[in-house]
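Take any residue in the sequence shown, count from 1 to its spot, add 2: that is its number in my numbering.
The C-beta atom is built at its ideal place from N, Cα and C for all residues, glycine as well.
Written out below as structure tokens is the structure these notes cover.
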Amino acid sequence: MLPYVSIVIVNYNGLSFLKKCLPSILEINYPREKYEIIMVDNASTDNSVDYVRRKFPYVKIIKLARNYGFTGGCNIGAKCSSGDFIFFLNNDTVVDKNCLIEAVKVMLRNDKIAICGSKVISLRDFTIQYGGGFLHYMGDVIYVPISEEKIKRDYLLVGSICGASFLIRRRVFWEIGGFDDSYFAYSDEVDLCHRAWLAGYYVMYCPKSIVYHYGGGTAGQLITGKNTLLYSRLLSPLKIFYGNRNSLINIMKNFELKNMFLGLFISFFLFIFQLLLILKKLEVKKDKCIKLLISAYIWPLRHLKIVFKKRAFIQTRRKRSDRELVMKRVCLPLSLLVRLVFRYVQK
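Right, dumping it as structure tokens:
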């Protein structure tokens, strides 16, 4: 028997994307009476709400008075949902008809599978944006190409899914604390998946669950064609601040004490490298981006009490060690991470 699923979409001025996203959901291979669609609107000014209310009257709309970001919007949507599972979906996506059913099939295999992420394909050039990711000690996720043999499997263990499209058990979502409201956007799914692993659950990637994603639909892009380990946090002004700040918070909350200090140490060198890249590569918004980068690294220091309170909540409930995550091949060994960073710096 298929579970009831709440599809939660957070929207901010995404009218042009919703015109493609919502119709694609109506074509999914999943019983209509077994899912609901909830759109959380972060105070859009582009008539998104009026359009959805008029064209898709069955969509439950939660109109917010201000922009709560992706994380705040997701948490509000989850609170208003009624499904046993929650399917979080970006507004700038188009879903394959089997996207949801394939993810549900994976989740039903084992109660300990808490999260299942989709294969995410770019709508810009139809390359794979996400096909499985590894956690690493800089508080983020890195995509490592998966062999053809493994891609043929129905599901794979991964460190983190992509936040553009994933399914999570409702009870686990709240058990591990939901999204961290302070994140606003970026690295939030990495934090959520890391906490699920530490709580004793599994995170899976399902290649048969396919979603097409525009990417940068809300944030825009500052640097194009450079989504690598060292460039990925410089793609937009929003990502410079939130991507770096939230990754630092991930390190401080989720890793064991020794690895926390190692991660922060490596991140300091990343900061220097990013600063040099901004000075060398950017021709616009250079001063603004430098200020955002510095602010990103200062923020956790100014809010140590809040961050370490969250760390205490996570660490006291920890059921897996950092070493175990490395042994399960969902977190990169420190030595491999250092080699990858050094290789990119050399380029």
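Beta-bridge partners of E258 (DSSP): none assigned.
For F89, the uninterrupted beta strand (DSSP E) run begins and ends at F87 to N92, by DSSP.
Non-local C-beta neighbours of N77 in its own chain, meaning closer than 7 Å and more than five positions away in sequence, comprise G180, F181 and D183, ordered along the chain.
DSSP places K62 in the uninterrupted beta strand (DSSP E) bounded by K62 to K65.
Counting only the Cα atoms, I242 lies some 5 Å from L236.
At a Cβ-Cβ threshold of 8 Å, A166 and V122 count as neighbours.
If you look at K210, you'll find it isn't in any alpha helix (DSSP H); it sits in the beta strand (DSSP E) that goes Y204 to H215. For a cut-off of 8 Å, the C-beta gap from I280 to I268 is around 19 Å, too long to register as a contact.
Spatial neighbours of L266 in its own chain (CB-CB distance under 8 Å, excluding positions within 5 residues in sequence) are listed in chain order as L250, I253 and M254. DSSP, reduced to helix, strand and coil, places C101 within a helical segment of the structure shown. Under the 10 Å beta carbon count, M41 is surrounded by 16 or more other beta carbons and is classified as buried. S84 is bridged by DSSP to nothing; it lacks a bridge partner. A residue is called buried when at least 16 other Cβ atoms come within 10 angstroms of its Cβ; Y204 meets this threshold and is buried.
Shown here, N77 sits in a helix according to DSSP, grouped into three states. Taking C-alpha positions only, V143 is separated from I163 by approximately 9 Å.
Between the alpha carbons of I88 and M109 lies a gap of roughly 12 Å.
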